[in-house]
Amino acid sequence: MDPPLHERVAALADRMSASERTVAQYMADHPEIVVSCSAIQLAAQIGTSDATVVRAAKALGYQGFRELKRSMIDVLTRQRDLAATMDDRLARVSTEDNQIARVLDDSMALLGQLRRGLDIDAWERTVDAVIGAPSVLTYGIGPAESLADYLRLSLQRIGVHARGSGLTGVRLADELLTLRPGELVIVFAPIRQFREISVIVDHANAVGARVVVITESLGMALASKVYAVLSTPQSTTTAASELTAGLVLAHALTLSVASATHDTAVDALGLVNALRASVVGAELDVTPLPTE
Numbered sequence: 001m002d003p004p005l006h007e008r009v010a011a012l013a014d015r016m017s018a019s020e021r022t023v024a025q026y027m028a029d030h031p032e033i034v035v036s037c038s039a040i041q042l043a044a045q046i047g048t049s050d051a052t053v054v055r056a057a058k059a060l061g062y063q064g065f066r067e068l069k070r071s072m073i074d075v076l077t078r079q080r081d082l083a084a085t086m087d088d089r090l091a092r093v094s095t096e097d098n099q100i101a102r103v104l105d106d107s108m109a110l111l112g113q114l115r116r117g118l119d120i121d122a123w124e125r126t127v128d129a130v131i132g133a134p135s136v137l138t139y140g141i142g143p144a145e146s147l148a149d150y151l152r153l154s155l156q157r158i159g160v161h162a163r164g165s166g167l168t169g170v171r172l173a174d175e176l177l178t179l180r181p182g183e184l185v186i187v188f189a190p191i192r193q194f195r196e197i198s199v200i201v202d203h204a205n206a207v208g209a210r211v212v213v214i215t216e217s218l219g220m221a222l223a224s225k226v227y228a229v230l231s232t233p234q235s236t237t238t239a240a241s242e243l244t245a246g247l248v249l250a251h252a253l254t255l256s257v258a259s260a261t262h263d264t265a266v267d268a269l270g271l272v273n274a275l276r277a278s279v280v281g282a283e284l285d286v287t288p289l290p291t292e
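Written as structure tokens, this is what we have:
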């Protein structure tokens, strides 16, 4: 398997000019944008020349921008095949004596990409939307449902009225009946745009609810239809999980909301502790032993 783009950037960046490095890093952090652009369009997006885009592609070991783009299209197509994704990951760790080290290294690299590429404006709008919404619905399908449930629980514990769902098929209709104007839907859709996600977005728009999507593949497809997109780095070319970035964003979102609503968040967590103690019939905190 050829080295993925972000690894080529890490290995070859020191040999590139400053402008080429900027282009290379942008391409590694925004593969979904790259596959939809010509060299001229990408240059305009970055604020450079198409010649610099072509030079950056060649410096990364491709014959030119077209070959780089074809390679990225192949990756984005392959990542929708679960068996192919696992096969690629196994190939990546099979030569390692310490396989967990590869997973940890890839996960840390992914989080570095997330930090560099995060749209801060979209992030701040998301935080404000959570704070201002009368209720939040978190949604995910399959493994992403665990992310939705984690965020739902985390928000509830800091005093946000939140509910979560992973319902699919006709059962989703009953869940969407409760959606009201002004509410916020946070959708975890790492890779695939299931029909359910399209229906959620369309229905939310119809009733006047806002939608935030956390995704590594669907940003461009949904950007014009939703309130904000939080794009995450490509994970399927690495040994990192496609859930890693979403989990970190869910945790960070909870902290950001709690920071802005400090007293409410602390009071809510205090109530959680009191209710726990009531349920078990004893204080859960450790009581210091008396000193002699």
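Taking my numbering, the leading residue of the sequence shown gets 1, the next gets one more, and so forth.
From the three backbone atoms N, C-alpha and C, an ideal C-beta is built for every residue, glycine too.
One or two residues paired with F188 in a DSSP bridge: G140 and I214
Sufficient close CB pairs (3 or more, under 8 Å) joining the segment 255-265 to the segment 104-113: no
C-alpha distance - L60 paired with V9, whole-angstrom precision: 7 Å
Buried/exposed call for V207, threshold 16 Cβ in 10 Å: exposed
Stretch pair the segment 5-25 + the segment 205-223: three plus CB contacts closer than 8 Å: no
Given I131 as reference, the closest of D119, L118 and Q156 once Cα atoms are compared: Q156
Nearest candidate by alpha-carbon position, reference G166, set Q99, T237 and Y150: Y150
First through last residue of the beta strand (DSSP E) which encompasses L230: A228 to S231
Three-state secondary structure (DSSP) of A209: coil
Buried or exposed by the 16-neighbour rule on C-beta atoms within 10 Å, applied to S224: exposed
Beta-carbon proximity check, E175 vs E216, cutoff 9 Å: no
Buried versus exposed, by CB contacts within 10 Å (16 or more), V201: buried
Three-state class that DSSP yields for A260 in the structure shown: helix
Cα-Cα separation between S49 and Q41, rounded to whole angstroms: 9 Å
Rounded separation between R70 and F194 - CA only: 25 Å
Reduced DSSP category for S241 - H, G, I as helix; E, B as strand; rest coil: coil
For G164, three-class secondary structure by DSSP: strand
Sub-9 Å separation of H6 and T238 beta-carbons: yes
Minimum C-alpha distance to L111 - residue among E32, T232, A277 and V279: T232
Other residues of its chain near I158: CB distance less than 6 Å, five sequence neighbours each side excluded: A258, A265 and A268
Same chain only: Cβ atoms within 7 Å of P26, ignoring 5 sequence neighbours per side: Strictly speaking, residue 26 in this sequence is Tyr, with Pro absent from that position. The residues are I46.
Candidates V213, G270 and M16, of which the one nearest V127 by Cα: V213
Residue burial classification, L218 (beta-carbon count within 10 angstroms, cutoff 16): buried
6 Å Cβ shell around P4 - same chain, five flanking residues per side excluded: T237
For N98, the three-state DSSP class (helix, strand or coil): coil
Cβ-Cβ separation, V53 to F65 (assumed contact under 8 Å), whole Å: 6 Å
Neighbourhood of A28 by C-beta distance below 6 Å, restricted to the same chain and skipping five residues each side: L5, H6 and V9
R55 - DSSP class collapsed to helix/strand/coil: helix
Spatial neighbours of R163 in its chain, beta-carbon cut-off 6 Å, leaving aside the 5 residues before and after: L137
Top-ranked residue by Cα proximity to S36, from G246, M72, A11 and V272: M72
Y26 - DSSP class collapsed to helix/strand/coil: helix
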